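Just below is one structure, and these are the notes that go with it.
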Amino acid sequence: MRAEWVGNMSQTPMQSAPPPVKQSRFLRWHRRVLGFCLVIFAFELGLFLVVFPWLRTWEMSWVPVHSPRFAVIWMSPYFRGFISGLGFLNIYVAIVEAVKQLKALFSPRGG
Numbered sequence: 019m020r021a022e023w024v025g026n027m028s029q030t031p032m033q034s035a036p037p038p039v040k041q042s043r044f045l046r047w048h049r050r051v052l053g054f055c056l057v058i059f060a061f062e063l064g065l066f067l068v069v070f071p072w073l074r075t076w077e078m079s080w081v082p083v084h085s086p087r088f089a090v091i092w093m094s095p096y097f098r099g100f101i102s103g104l105g106f107l108n109i110y111v112a113i114v115e116a117v118k119q120l121k122a123l124f125s126p127r128g129g
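Residue numbers (my numbering): 19 to 129.
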């Protein structure tokens, strides 16, 4: 850290950065609420991506109608499996984040 001199040269240098302070209670709860919102969003998105490609609605969407070249890819079971795989990845992220949030919530030091 760089020290700055104030006044004449006989005074002691002042630190430019303030000392670290504890996180306020508001910031901890703010992060916790945002973490649980991430869990809910990632789980819902993942569930949607796992199920939706295999429904009849997937075949009746506007993509195959407006782009015949992309329709072959869109209707492919491999592409649908890829989209479902992304859904499983989202569900995994949601579970990992939920475990992390619960550990922080119930830790002895209070998160």
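Idealized CB from N, CA, C, for every residue including glycine.
No experiment lies behind these values; they were computed from the predicted model shown.
Measure the beta-carbon distance from residue i to residue j and round it to whole angstroms, keeping in mind my assumption that it falls under 8 Å.
i: Tyr68; j: Ser102; result: According to the sequence shown, residue 68 is Val rather than Tyr. So it is a contact: roughly 5 Å between Cβ atoms.
If you follow the alpha helix (DSSP H) that residue i is in, where does it begin and where does it stop?
i: Ser102; result: Pro95 to Phe124
i: Pro82; result: Trp80 to His84
i: Leu56; result: Arg43 to Val69
i: Trp76; result: Arg74 to Glu77
Taking the alpha carbon of residue i as the point to measure from, which residue in the options has its own alpha carbon closest?
i: Phe106; options: Leu120, Leu63, Arg87 and Phe124; result: Leu63
i: Thr75; options: Arg46, Gln119, Tyr96 and Trp92; result: Trp92
i: Leu5; options: Phe124, Ser125, Pro126 and Lys118; result: No statement about residue 5 is possible, as the shown extent of the chain runs from 19 to 129 and does not include it.
i: Leu73; options: Ala60, Phe88 and Gly99; result: Gly99
i: Val111; options: Arg49, Phe44, Phe59 and Arg50; result: Phe59
i: Phe124; options: Leu45, Arg50, Met78 and Phe44; result: Arg50
i: Phe66; options: Ile109, Ile113 and His48; result: Ile109
i: Pro95; options: His48, Glu77 and Leu120; result: Glu77
i: Glu115; options: Arg43, Pro86 and Phe61; result: Phe61
i: Ala122; options: Ser42, Phe44 and Gly53; result: Gly53
What does the Cβ neighbour count give for residue i, buried or exposed, with the cut at 16 atoms within 10 Å?
i: Pro71; result: buried
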